[in-house]
Structure formats: C-alpha cells, structure tokens
DNA sequence: GTGTGTGAAGTGGTTCACAGCG
DNA sequence: CGCTGTGAACCACTTCACACAC
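Chains as they are written, first to last, in this note's numbering: chain A, 1 to 210; chain B, 211 to 420.
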C-alpha cells in the first residue's frame, strides 16, 4: 500500500515521541495524548497508525514499547545508506556537525567542494574531494544518497554530474532552486528562504487584519 | 482573500525565477515556460497568478517585468523585520552566514546562546547575548521574529521565555521537535531529520518494488 | 466506560477543459 | 490562432461519528 507523504512525516514524529516515552518508562499512551504532544488531531493519529494493522488495544491505548518497535520497523532501512555531501560551506558543515546525520541509518562517506583549499582536508572525520571527482568517487564508494548544499548557481550542474554516475538514487536538496532529475532519482527539497518568506508573508497578512 | 500555503511557497519561487528572467532581459514568459522551469503544471501556475487579478495577456503570456514587480508587491513587507537568532551552534551560524537571511526584508539584530563562552562575542557583525536575557532584549530591540536553532531539549523552554516577552509574532523553528505557542504566534517549522527520513523511507519503498 | 479502528463525509488543493480575449 | 482565466471535476488528505473490542 502507498503511504502518503504527510503520513510518513508524522510517523517520524511519532517515532521520536515514543522513543522518549519509552526511555521515560511510560507503558501505555493514547492517540489523544500523542496528538496533544505533537499538535495533531487524535483521529489523525489513529488513522495513521491503523494503516499498519491493529496495533492498539481498544479501551486502553497503545503499548509504548510495542508501538515504538513497530514504527521503528516501518521506518527501518534495509541497510545503512552511504551519503555524499556536496558543498562544505556554512550550511554543509552545519549539517555535518548536526544531529540529523548522526543516525544509524546513514553514514557520511565523502564530502565534495569546488574550493581547492578544502580539498584533501578532513571535516568531522570525512575527507573532502574536488567536486569534479564526485561522479567517480560516488560510484567507487557506492554512495546512493547525496545531500546538496551548494549555491543555486552551482546546483543543477552538480546534479547533472552526480546523476550521470548512475549510482545516485536520492537527493536531499538544500539549494534554493528547483532541480531537475530523471524520474528514478528521488528528490526532497528543503528551501530555507521559501520557509522564511512564507512566515513573513503570513505575518504581514496578520498585521493587515487588525 | 486567504491565500493557501502551497501557493505562497510557489509565489516565492516564481519571484526568484522572474528576477532571473528579468536580469537576463527576457520580456515575456508563458505559464507553460514557468511551469517547466519549476516543475509545476502550467494550469497550476495560471491559477496561482489569477488570484491577484488579470495580469497576463491572452494569446501572449505574462510580461516579465510587470509580473515580477507584481509578485514583488504581493510578497513585500510593510517594513524590515527585526530577527533574533537563538542557538549559535553549527546550524545557527550556518544560517547567519547563509544567503537566506541576507535579504532586504529582514535584519538580524541579536543572537542568543546558553554557552557563556559565546556571550559577548560578535558573529557576522551581530552580538551574542545569554539566552536568559532573550525576553528582555527582544522587547528592548523590538524583535518580532525569532529563528530557533537549538537542540530539541532546549526548544520548548526557549519558546516559552521568548513568547512571554509578548513581542514575538513569528518563529522559524529548526529544532527537531514540535513546539507549542499561543495562537497569535505564527510558527513555521523546518525539520531536517524528518525530511531526510522521508527520503530514506521512499528510497526503501522504491527498492522493495523491484 | 474507555479508547481504538474505520467507513463516510468534509475540506482543501490540483488539474482539466474550454470559453474568451488579444 | 495562442495563451490566459476560471468554473467544474477530480483527487488527496483530514476529520467526524460511531460500531466494536477490551
């Protein structure tokens, strides 16, 4: 069955919450309680969880450990994904140092940058290569996922060269531009300036109301 | 009229594209062409643009300069927003150095961190204060928008203290946790690890298909 | 009684299809 | 004739409401 994107996003959040509840020793949790913690409707939580079979107990709630492990299974990876990070500037190094990538599902195997002063250096234990060698190294090291943190002017040409390697299956794009890829390469984009602009737009709208 | 969130996001992207086309000297553009550049359907582009009156010419397309200035107007701010950034770690400093905040709609006025070794120092021309002084300084400097780039364990208490100042109208949250705020404080969240997990989930699904 | 699971209804956003204007 | 503007159809996701299991 196809699981909708918003549902997957919420599953990740349930997973996080349950991990915490589990650590705290809580045994049982209701859809109501999950909803309040994460600002979702209880009915939404139940619907999301029901996609994967009857996991809760009527009149009781969900068993924290069981549900945690269940969602863990749903989100689990067949193996550790090898990641490449292109662009070791401010944002790229932030991502490197950031918790999001210190995760047992992924492993950063290589860095790439066009700045020759960075090439050959090691950042957070990972070596930086020149961007021109990206396709070659991605193939050699069996890298399947690429995080793109380069300026918009460089984004598309980076994409073209790594896609040409034929090894890349997914791209997490942080460049403020929409990139084009063959249909078999999945792309998720995080556009920070769009998010900021959206917030500012609605702030302005709020102000106009008054 | 209420403009839907996805529409606002696309407007920001139209704006960027038109700026480029305008610089390049292109005079006219069709919904078709905009759609191809940004990977949206032409009908979607036309619907989005039609919310703001008849701005295109039938049989011709949209006048680049006119449309650019029109969208500029829609997205314009009543004034420069003053921003505070909480959390001058990897991600926070990346955001500081990053282009998204070098924008004539916003101005970073203050930084906050709980690390005493950072307090009193200046980063990218902006002084860092202790987080405990945040509410006070936010009021004093009339800061209305706060960017939150702290670990999830600290997020909610930061939110509570800055919201208590009564001056904050919007929060751009980068912490991997959902925060609760009074209804009159707008929140936009960018959850990098959720985005990564979503990508990995769909990569796994793709693999299962084969 | 309590809280889940779920069909059905509702809501919001996208896409179609074509009338209408340049 | 070409491309926009737009009501209507469509689709996807959310919420409701209640039967059902504990």
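Don't be surprised by glycine CBs; every beta carbon is placed ideally from N, CA and C.
For residue 272(B), none of the residues of chain A pass the 9 Å Cβ criterion, the least Cβ distance being about 19 Å. C-alpha of residue 386(B) to C-alpha of residue 409(B): approximately 16 Å in a straight line.
Only residues of its own chain outside the window of five on either side were considered, and among them 241 and 266 have a CB closer than 8 Å to the CB of residue 256(B), listed in chain order. With fewer than 16 other CB atoms across the displayed protein chains lying within 10 angstroms of its CB, residue 142(A) is exposed. Partner residues in the beta bridge of residue 188(A), as assigned by DSSP, are 172(A). Here residue 302(B) carries a helix assignment [DSSP, helix/strand/coil]. According to the DSSP assignment, residue 228(B) belongs to the alpha helix (DSSP H) that extends over 215 to 233.
Chain B has no Cβ within less than 9 Å of the Cβ of residue 56(A). Per DSSP, the unbroken beta strand (DSSP E) holding residue 356(B) starts and ends at 355 to 358. In this structure, the alpha-carbon of residue 96(A) lies about 22 Å from that of residue 9(A). In this structure, the CA atom of residue 309(B) is about 16 Å from the CA atom of residue 300(B).
Among the residues of the segment 96 to 119 of chain A, those with a Cβ less than 9 Å away from any Cβ of chain B are 96, 97, 98, 99, 100, 101, 103, 105 and 106, in the order of the chain. Following the DSSP letters along the chain, one finds residue 253(B) inside the alpha helix (DSSP H) bounded by residues 252 to 260. When DSSP states are grouped into helix, strand and coil, residue 368(B) belongs to the helix group. The straight-line gap separating the alpha-carbon atoms of residue 115(A) and residue 138(A) is approximately 19 Å. Beta-carbon to beta-carbon, residue 382(B) and residue 358(B) are separated by about 7 Å, close enough to satisfy the 8 Å threshold. Chain B has a Cβ within less than 9 Å of the Cβ of residue 191(A).
For residue 16(A), the closest Cβ of chain B is nearer than 9 Å. Scanning its chain for C-beta atoms nearer than 8 Å, with the 5 sequence neighbours on each side dropped, one finds around residue 319(B) the residues 292, 293, 294, 336, 351 and 353, in chain order.
DSSP places residue 320(B) inside the beta strand (DSSP E), whose first and last residues are 316 to 323. Only 285, 287, 288, 291, 300, 301 and 303 from the segment 276 to 303 of chain B bring a Cβ to less than 7 Å from some Cβ of chain A.
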